[in-house]
Amino acid sequence: MRTKIGVACIFSVLAVLGLGAFAEEAPVTCLLVGMGPHGENTMDDVLRDIKENYPTVAITATENIEDLRLDNLKNYDVLCLNQIKVEGGNPPDFVKEGTVEFLKMGKGLVVTHFAVANVQEWRDSIDIYGAMWVSGKSTHDAYHQFRVDIVDEGHPIIEGVRPFVTDDELYFNLLMRPDMHIIMTADQERFGHTVPEPMLATHYFHNARCVYFALGHDAKSTQVPEFRQILVQCIEWAARRR
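Numbering of the sequence shown is given in the working numbering, commencing with residue 879 and proceeding in unit increments.
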């Protein structure tokens, strides 16, 4: 009897201290900025699904650019950018400085689809986001259905994910950091030849883990189950949980 009580007490102490295999890890806290890149709310159903089915992450969504001040960013493990609404493609200094300092702290960054296109006048965003839409160079074909293929099958972000078909905008001719690690691609046909365009890629900034995920144009694009699973696993990887 004494032995059983003693063991139970030990387990209780470990749980209180957050130690041992019996203590559950808190979910990754993530600030998501921008609910829709083209004036359409694309993320409501995504966030509901993640809240109900992915307890490993806790996402707070905002449209308020003031939430990108460092004092607020410090409350999160990962920053996920869907869209930053700024005039002239140039965010205010507090956004630039807050993002850089946040990543210097070892926090994570996930950037999706259109977020690389509305900060073109922020020169350093290419190094931070990993990709940049360049007016007059970057483009996409008409919204259409295409297959997304896996290049790095062993990467933790795509654990349990298989190639899938989606309806989306297939970006190409983005300016990208040369050291981007490509995980997924989609074939873009042009002038009789096929080019595998990056759809999911990672890089590091001040040792922070950063991801660019090129999908997510509209509500239909985000309905694909793989989109939601990949987004969650991007957030987990950026937080060093994968």
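Positions of the beta carbon are idealized from the N, C-alpha and C atoms, including for glycine.
Let me check understanding here. Comparing Cα to Cα, which of the options lies closest to residue i?
| i | options | result |
| --- | --- | --- |
| ALA993 | VAL935, PRO1076 and HIS1095 | HIS1095 |
| ILE943 | ALA1097, ASP927 and VAL964 | VAL964 |
| TRP1115 | PHE1105, GLU1104, ILE1036 and MET1077 | ILE1036 |
| GLY1008 | ASP1045, GLU902, TYR1082 and PHE1069 | TYR1082 |
| VAL1026 | ARG1068, GLY914, PHE1105 and ILE1006 | PHE1105 |
| VAL988 | LEU1078, SER1099, THR1100 and ILE928 | LEU1078 |
| LEU1052 | LEU981, PHE1042 and PHE1091 | PHE1091 |
| PRO1041 | ARG1055, PHE1024, GLU1047 and PRO1056 | PHE1024 |
Use the C-beta contact count for residue i: other C-beta atoms within 10 angstroms, 16 or more gives buried, fewer gives exposed.
| i | result |
| --- | --- |
| MET983 | exposed |
| LYS1015 | exposed |
| TYR954 | buried |
| PRO969 | buried |
Return the CA-CA distance between residue i and residue j, expressed in angstroms with no decimal places.
| i | j | result |
| --- | --- | --- |
| TRP1160 | PHE1050 | Residue 1160 lies beyond the stretch modelled for the chain, which goes from 879 to 1120, so this question has no answer here. |
| GLU918 | GLN961 | 12 Å |
| GLY976 | ASP949 | 8 Å |
| GLN1107 | VAL1039 | 8 Å |
| PHE980 | VAL1089 | 15 Å |
| ALA995 | GLY912 | 13 Å |
| ALA893 | ARG1120 | Because ALA893 sits at a pLDDT of 48, beneath the cut-off of 50, its placement in the model cannot be relied upon, and the point is left open. |
Please state whether DSSP places residue i in a helix, a strand or coil.
| i | result |
| --- | --- |
| HIS1059 | strand |
| GLU1075 | strand |
| GLU1114 | helix |
| PHE1105 | helix |
| TYR1082 | strand |
| LEU987 | strand |
| THR1122 | Lying before the first or after the last residue shown, residue 1122 is absent from the chain, which here runs from 879 to 1120. |
Check the C-beta distance from residue i over to residue j and give it rounded, since I have them as a contact under 8 Å.
| i | j | result |
| --- | --- | --- |
| PRO1087 | GLY986 | Note on residue identity: the sequence assigns Arg, not Pro, to residue 1087. Indeed they touch by this definition, with Cβ atoms about 5 Å apart. |
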